[in-house]
Amino acid sequence: MENSSLKDRIAEKVNELITDPTYFLVDVIITGDGGKKKVLILIDGDQGVNVDECGRISRQLGAYLEEEDLISTAYRLEVSSFGLDYPLMLKRQYIKNIGRKVKVKLAGSSDEPIVGLLEASDEDTIKVLKDGKTKKDPKESITIPFEEILTTNILIQF
Numbered sequence: 001m002e003n004s005s006l007k008d009r010i011a012e013k014v015n016e017l018i019t020d021p022t023y024f025l026v027d028v029i030i031t032g033d034g035g036k037k038k039v040l041i042l043i044d045g046d047q048g049v050n051v052d053e054c055g056r057i058s059r060q061l062g063a064y065l066e067e068e069d070l071i072s073t074a075y076r077l078e079v080s081s082f083g084l085d086y087p088l089m090l091k092r093q094y095i096k097n098i099g100r101k102v103k104v105k106l107a108g109s110s111d112e113p114i115v116g117l118l119e120a121s122d123e124d125t126i127k128v129l130k131d132g133k134t135k136k137d138p139k140e141s142i143t144i145p146f147e148e149i150l151t152t153n154i155l156i157q158f
């Protein structure tokens with residue numbers, strides 16, 4: 001089965017398996033050809049995701065993949081909560097992360113990424129309170145349309 005078709009079938013099943021309305025599917029990533037594939041399911045939640053939910057989805061999805069024989073070769077299935085390693089992908093994730101420090105790379109721009117506090121998110125834009133270049137520089141609130149965003153990553157603050 002072609003990876004894009006397989007990805008769609010898996011995404012559909014994962015969405016069926018997610019029973020808590022505060023949880024949602026972020027992405028299905030399929031890597032590896034021929035020998036051994038890796039199927040990575042990333043889920044997130046408005047208040048985070050617990051390990052029990054990841055385990056339940058993994059067991060039920062694994063049984064479904066075996067029953068339907070969707071992957072003919074050996075594969076490794078991993079169901080994981082969305083972590084800081086990955087850029088934000090869904091508008092719902094922006095809302096969840098209001099108040100956190102972010103790094104936003106703009107599409108088609110060679111400028112430095114915008115770093116600051118995610119202040120707001122709506123259907124079309126996000127608002128970031130951009131850090132000044134130095135501590136004495138004033139902070140600036142910038143509105144960024146989603147279509148101009150290449151990636152947004154959450155930054156860990158110490």
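For the sequence shown, UniProt numbering puts the final residue at 158, and the numbers step up evenly by one. Glycine included, every Cβ here is placed at the ideal spot set by N, Cα and C. Keep in mind the model is a prediction, meaning the values are calculated, not measured.
Legend entry - Distance CB(residue 77)-CB(residue 9) smaller than 8 Å: Within the sequence shown, residue 77 is the residue found at index 77, counting from 1. Within the sequence shown, residue 9 is the residue found at index 9, counting from 1. Taking 8 Å as the Cβ cut-off, residue 77 and residue 9 do not qualify as a contacting pair.
Inset, instruction - Check residue 76 in the structure and name its three-state DSSP category. - result: Numbered from 1 along the sequence shown, position 76 holds the residue referred to as residue 76. It is a strand residue.
Legend entry - Residues bridged to residue 151 (per DSSP): By one-based count along the sequence shown, residue 151 stands at place 151. Bridge partners of residue 151: 105.
Legend entry - Separation of residue 129 from residue 119, as counted between CA atoms: For the purposes of this step, residue 119 is identified with residue 119 of the sequence shown, where counting begins at 1. For the purposes of this step, residue 129 is identified with residue 129 of the sequence shown, where counting begins at 1. If I take the Cα positions, the gap works out to 6 Å.
Legend entry - Rounded straight-line distance, which links the Cα of residue 156 to that of residue 135: Along the sequence shown, read from residue 1 onward, the residue named residue 135 stands at position 135. Along the sequence shown, read from residue 1 onward, the residue named residue 156 stands at position 156. When rounded, the distance between both Cα atoms is 19 Å.
Legend entry - Distance between beta carbons of residue 30 and residue 61, contact taken as under 8 Å: Here residue 61 corresponds to residue number 61 of the sequence shown, with the count starting at 1. Here residue 30 corresponds to residue number 30 of the sequence shown, with the count starting at 1. Their Cβ separation, rounded to whole angstroms, is 13 Å, which puts residue 61 and residue 30 out of contact at 8 Å.
Inset, instruction - State the Cα-Cα distance for the pair residue 151 and residue 35, rounded to the nearest angstrom. - result: Here residue 151 refers to the residue found at position 151 when the sequence shown is read from its first residue. Here residue 35 refers to the residue found at position 35 when the sequence shown is read from its first residue. Spanning the two alpha carbons is a distance of roughly 31 Å.
Legend entry - Cβ pair residue 38, residue 64 closer than 8 Å: Counted from its first residue, the sequence shown places residue 38 at position 38. Counted from its first residue, the sequence shown places residue 64 at position 64. Cβ distance not < 8 Å, so residue 38 and residue 64 don't count as in contact.
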